[in-house]
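Those letters in the sequence shown? Residues 70 to 369, by this note's numbering.
Note that the Cβ used here is the ideal one computed from N, Cα and C, for glycine as well.
Predicted model, so just to flag it, every value in this text is computed and none were measured.
First the structure, in the form of structure tokens, and then the observations on it.
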Amino acid sequence: MEIAKLHTMTKLKIPIIVERSKIPGPTILLSAGLHGDEINGVEIVRQLIVQKINKPKTGTIICIPVINIFGFVNQTREFPDGRDLNRVFPGSKTGSLASRFAYFLLKEIIPHVDYAIDFHAGGASRFNVAQVRIVPDNPELKALADVFHAPFALYSKNINGSFRNSCDKLGVKMLLFEGGKSIDINEDITKQGVEGVKRVLQHFGMLNNRKKAAAPETKTIYIEKSSWVRAKYSGMFHGHTLVGHFVEKGSILATISDPYGKIEHKVKAPNSGYVINVNDAPIVYQGDAIYHISTVLAHE
70 MEIAKLHTMT
80 KLKIPIIVER
90 SKIPGPTILL
100 SAGLHGDEIN
110 GVEIVRQLIV
120 QKINKPKTGT
130 IICIPVINIF
140 GFVNQTREFP
150 DGRDLNRVFP
160 GSKTGSLASR
170 FAYFLLKEII
180 PHVDYAIDFH
190 AGGASRFNVA
200 QVRIVPDNPE
210 LKALADVFHA
220 PFALYSKNIN
230 GSFRNSCDKL
240 GVKMLLFEGG
250 KSIDINEDIT
260 KQGVEGVKRV
270 LQHFGMLNNR
280 KKAAAPETKT
290 IYIEKSSWVR
300 AKYSGMFHGH
310 TLVGHFVEKG
320 SILATISDPY
330 GKIEHKVKAP
340 NSGYVINVND
350 APIVYQGDAI
360 YHISTVLAHE
């Protein structure tokens, strides 16, 4: 895919890897790099290609390891025009650079797709536990999330202008995978993403006979509601809580201190729940999001 060039007139081509079986079946899109700095998703799709998991027994698998090639080159979230690609869908043929990319994806690729898994990571220094996100009250997506079997699944509504929202309107069932943080590759997150895809392909009879999907060790925890804990003070951040762990209300999550050894503030859990995102930044400012904790589980 070639839509635009750099200001130096250098061509930027975005590879789209298509593998099709002779036996008819579903078409699945595996995409990453919608935000150019979310490298862990790119690594997941790369691993799927390297391990030849993208060669289906039936149907078709489309891989786009890096959608936002401009952001990937610069290791930034946005497009050169300053726009977040995941907020400009469905895009426009004559709009901004990001808008044109969104338009091309929806017009040229998505009409061929039945299911999609789009890989993301936490923004800035915030590390997401391996999770899938689906809209509530959608039995087919819930069943697909069960098959993928990430450690956590969050019910979240579609955001206007997002890739997921546009795919939903076009009838494409999408799982949004979140894991790790930007400008980082985490081996465990990569493994969770790869194994989840293998389970989905196996479910549809598409997984190559030479590949095996690992059986999940634990049950997926579904979260209906969650909330952010924000820093009440600025200072040096010392986190004591690991992502994915369950914390009790009132337990100490972290401390925020000044650099001179005079002040140390404790950060306590406002409620009991699972920690699904932690801030790994060494310095935080008042109001920064530092922990994301579940408040209501699906079975409650």
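query, result
"For Thr129: DSSP bridge partner residues", "Arg89, Thr96"
"Cβ pair Glu264, Ala283 closer than 7 Å", "yes"
"Three CB pairs or more closer than 8 Å across the stretch 157-166 and the stretch 184-196", "no"
"Beta-carbon spacing of Ile258, Asn109 below 7 Å", "yes"
"Cut-off 8 Å between Cβ atoms - residues of its own chain near Ser341, not counting five sequence neighbours on either side", "Phe315, Val316, Glu317, Lys318"
"Three-state secondary structure (DSSP) of Asn137", "coil"
"Pairwise C-alpha distance: Ser363 and Ser90", "42 Å"
"Coarse secondary structure for Glu369, derived from DSSP in three states", "Residue placement at Glu369 cannot be trusted, given a pLDDT of 46 that sits under 50; what the coordinates show is reported in the next sentence. Coil."
"Buried versus exposed, by CB contacts within 10 Å (16 or more), Tyr360", "buried"
"Buried or exposed (CB count within 10 angstroms, at least 16 for buried), Tyr172", "buried"
"Test item: CB-CB of Leu223 and Arg233 under 7 Å", "no"
"Inter-residue Cα distance where the pair is Lys226 and Pro205", "7 Å"
"Contact check, Ile131 vs Leu98, beta carbons under 7 Å", "yes"
"Cβ neighbour criterion (16 or more within 10 Å) applied to Tyr343", "buried"
"Beta carbon proximity, Lys91 to chain B, threshold 7 Å", "Within the model displayed, chain B is absent; a lone protein chain is all it includes."
"Cα-Cα separation, Lys82 to Ala367", "43 Å"
"Cβ-based burial, Ala10 [other Cβ within 10 Å; buried from 16]", "Residue numbering for the chain in the displayed model covers 70 to 369; residue 10 lies beyond these limits and cannot be assessed."
"Of the residues Pro208, Gly102, Gln271, Lys301, the one placed nearest Glu333, counting alpha carbons only", "Lys301"
"Collapsed DSSP secondary structure at Glu112 in the structure displayed", "helix"
"Rounded separation between Glu107 and Lys238 - CA only", "25 Å"
"Residues that Ser363 bridges to, as DSSP identifies them", "Ser295"
"Proximity below 7 Å, CB of Gly308 to CB of Ala323", "yes"
"Span separating the alpha-carbon of Glu369 from that of Lys294", "Unreliable positioning characterises Glu369 in this predicted model, as indicated by a pLDDT of 46, which lies under 50. The coordinate reading is nonetheless provided below. One C-alpha to the other measures close to 11 Å."
"Ordered list of alpha helix (DSSP H) runs contained in the stretch 140-227, each at least 4 residues", "166-173, 208-217"
"Secondary structure of Ile122, DSSP reduced to three states", "coil"
"Helix, strand or coil at Glu256 according to DSSP, with G and I counted as helix", "helix"
"Simplified DSSP state of Asn277, which is helix, strand or coil", "coil"
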